[in-house]
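Visitor: Let me give you the structure first, and then I'll get to my questions.
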DNA sequence: AAGTGGTCTAGACCACTTT
DNA sequence: AAGTGGTCTAGACCACTTC
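Residue numbers (this note's numbering), protein chains in the order written: chain A, 316 to 557; chain B, 316 to 557.
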């Protein structure tokens, strides 16, 4: 019950680690129910309250989702609230909406020094490069270039991409078993280059928001780098400081 | 002990509310210790575990700060980690540093329709308008204009401002009893106007980050609106999506 | 009715800080 | 040694969902 921890940390954190392992290993997959608190208490030989505290933290970190009376579920990018967790662009007027995506191309290439560093690869390793434009209504608003590790996304192709309906991270989750957990963004103001200007239908040199994002999966593993250029004449990037 | 709630919410949330009240009323001021869990349990006639859960939430929301062996303290803008909670500008290379502030002016005026709406005032109500430039080393990097409700910040003057060393929100907290809790930001890319261009030493039309912030105190009360223009040639706005 | 998570209690012991 | 928060347990009952 109260055996001295191998790593010196409270029991509920060790349980949290064990549950996390089962998430990473895929024993319980996104959207599925995990065993009840009582079952887990028996399995790990601790009290229900200790399992509870472990699940409390995992649920606060959005790895799990509790539903009273039904059970505890593995988080998914399905849920409505997850949809907009990684899309922070809001219209100046009106409700937030999901943009239409126009795929420009999806090809294989080699990682530049910068991309290799950000994705923790070696320079020259294979990567998938996606370029697309996101539009709200008729307005092209975001142009972005996405870099993915070639090994993880072996079979990704323009076809898969175009056939899939739903968010990109949902596709990564269901088709490639890679779940995005969190992301870091660097935001700058930049002048539109000829390419971005044409795609976004703005004059060359027009100010655009440049958003660079590195997304991480379990264990702080970087699995995506994207650089996007946002028009901000009818939208803004929304952020909460808490 | 288990009396049916007047408002239907769990006991620990009611306790949380009572503690919150004492924070807002100033019974316990920023930086001070609050009574121990046992004392609060007696005071509210509940078990220590219930008080604990209330404090857990308040501590997660950064209203309180627990220190094992010492007690539970009211959060302050003092702590090092609080310093950078509202300043998201990071240098491209090197460590994050605190900028020097140059006050341009600090005068009284009337709220425009926009400012009145954001601060929940009536158009024409008195406001304090502060303009300043923040610099890293020799580089002017941020130009911002800050609007504060005149009634709350009655005696704020350029003198007070210049004499105070420390963060602006710390000044608001200690001198005006107004503690910032959270803020909402809208971020856009904009071309520098002549005024900003001169102050930030960039060409007119250069792309700048425009950051509009409304900051809230207890009870979702808006107490500050600021519009800042950031140079992002040597810095970037850092954000975590979680 | 049975099973799930949610709340509440009471008591024990641990770890850290101060006296 | 005494006081604080931190962990763990065991048991009771509530609220929601499903059968």
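Where a beta carbon is used, it is the ideal one built from N, C-alpha and C, also for glycine. Values in this document were obtained by computation on a predicted structure and should not be read as measured data.
(1) Do we get a CB-CB distance below 9 Å when we pair residue 417 of chain B with the residues of chain A?
(2) Any Cβ of chain A within less than 9 Å of the Cβ of residue 367 of chain B?
(3) Assuming residue 391 of chain B contacts residue 379 of chain B under a Cβ cut-off of 8 Å, what Cβ separation, rounded to an integer in Å, is found between them?
(4) Kindly indicate if chain A contains any beta-carbon less than 9 Å away from that of residue 319 of chain B.
(5) Report the option in A:397, A:458, A:512, A:439 whose CA atom is closest to the CA atom of residue 445 of chain A.
(6) Give the secondary structure of residue 505 of chain B by DSSP, where H, G and I count as helix, E and B as strand, and everything else as coil.
(7) Taking only beta-carbon positions, decide if residue 615 of chain A is within less than 9 Å of chain B.
(8) Measuring only between beta-carbons, confirm whether residue 401 of chain B sits less than 9 Å from chain A.
(9) Just reading off the beta strand (DSSP E) that residue 275 of chain B is part of, what are its end residues?
(10) When the Cα atoms are used, what is the spatial distance from residue 557 of chain B to residue 495 of chain A?
(11) Quick one: Cα of residue 296 of chain A to Cα of residue 357 of chain A, how far?
(12) Ordered along the chain, which non-local residues of its own chain (more than five positions away) have a Cβ less than 7 Å from that of residue 337 of chain B?
(13) What are the boundary residues of the beta strand (DSSP E) that residue 331 of chain A is part of?
(14) Are residue 389 of chain B and residue 533 of chain B touching if we call contact CB-CB under 9 Å?
(15) Assign residue 320 of chain A to buried or exposed, taking buried as 16 or more other Cβ atoms, counted over all protein chains shown, within 10 Å of its Cβ.
(16) State the Cα-Cα distance for the pair residue 349 of chain B and residue 324 of chain B, rounded to the nearest angstrom.
(17) Against chain A, with Cβ distances strictly below 9 Å, would residue 449 of chain B count as a contact?
(18) Would you verify that the beta carbon of residue 504 of chain A is, or is not, closer than 9 Å to some beta carbon of chain B?
(19) Just to make sure I have the definition right: I need the residues of chain A whose C-beta is within less than 7 Å of the C-beta of residue 281 of chain B. Which are they?
(20) Around the C-beta of residue 554 of chain B, are 16 or more other C-beta atoms found within 10 angstroms, so that it is buried, or is it exposed?
(21) Can you tell me which of B:393, B:500, B:437 puts its alpha carbon nearest to the alpha carbon of residue 488 of chain B?
(22) For a cutoff of 9 Å on Cβ pairs, would you count residue 376 of chain A as touching chain B?
(23) Whose C-beta lies closer than 6 Å to the C-beta of residue 528 of chain A among residues of the same chain, with five residues either side of it excluded?
(24) Tell me which same chain residues have a C-beta within less than 7 Å of the C-beta of residue 374 of chain B, skipping the five on either side of it?
(25) Helix, strand or coil, according to DSSP, for residue 323 of chain A in the structure here?
(26) Indicate whether the contact test is met: 3 or more Cβ pairs, each with one atom in the stretch 397-416 of chain A and one in the stretch 352-370 of chain A, closer than 8 Å.
(27) Considering only heavy atoms of the ligand FAD, does any lie closer than 8 Å to the CB of residue 438 of chain A?
(28) Under a three-way DSSP split, which group does residue 470 of chain A fall into?
(29) Pick out the complete beta strand (DSSP E) segments inside the stretch 391-478 of chain A, 3 residues or longer, and give them in chain order.
(30) Determine the closest residue to residue 535 of chain A out of A:484, A:516, A:434, A:473, with distance taken between C-alpha atoms.
(31) So which of B:439, B:465, B:407, B:505 has the shortest CA-CA distance to residue 521 of chain B?
(32) Give the straight-line distance between the Cα atoms of residue 491 of chain B and residue 468 of chain B, rounded to the nearest whole angstrom.
Guide: With the structure as the only source:
(1) no
(2) no
(3) About 11 Å separates the two Cβ atoms, so there is no contact after all.
(4) For residue 319 of chain B, the predicted structure reports a pLDDT of 36, less than 50, and the residue's modelled location is therefore unreliable. A value from the coordinates is still provided. For residue 319 of chain B, the answer is no, since every Cβ of chain A falls outside 9 Å of its Cβ.
(5) A:458
(6) strand
(7) Because chain A here runs from 316 to 557, residue 615 of chain A falls outside it and cannot be looked at.
(8) yes
(9) Residue 275 of chain B lies beyond the stretch modelled for chain B, which goes from 316 to 557, so this question has no answer here.
(10) 10 Å
(11) Chain A is shown only over 316 to 557; residue 296 of chain A falls outside these bounds and no answer can be derived.
(12) 343
(13) It is not in any beta strand (DSSP E) - residue 331 of chain A instead sits in the alpha helix (DSSP H) that spans 326-340.
(14) no
(15) Residue placement at residue 320 of chain A is poorly supported in this model, since its pLDDT is 34, which falls under 50; the coordinates still yield a value, given next. Looking at its Cβ environment, which holds fewer than 16 other Cβ atoms inside 10 Å, residue 320 of chain A is exposed.
(16) 24 Å
(17) no
(18) yes
(19) Only positions 316 to 557 of chain B appear in the structure, and residue 281 of chain B is not among them; the question remains open.
(20) buried
(21) B:393
(22) yes
(23) 498, 500, 541
(24) 380, 381
(25) coil
(26) no
(27) The model on display carries no ligand, and the ligand FAD is accordingly not part of it.
(28) coil
(29) 404-406, 415-425, 441-451, 454-464
(30) A:434
(31) B:505
(32) 7 Å
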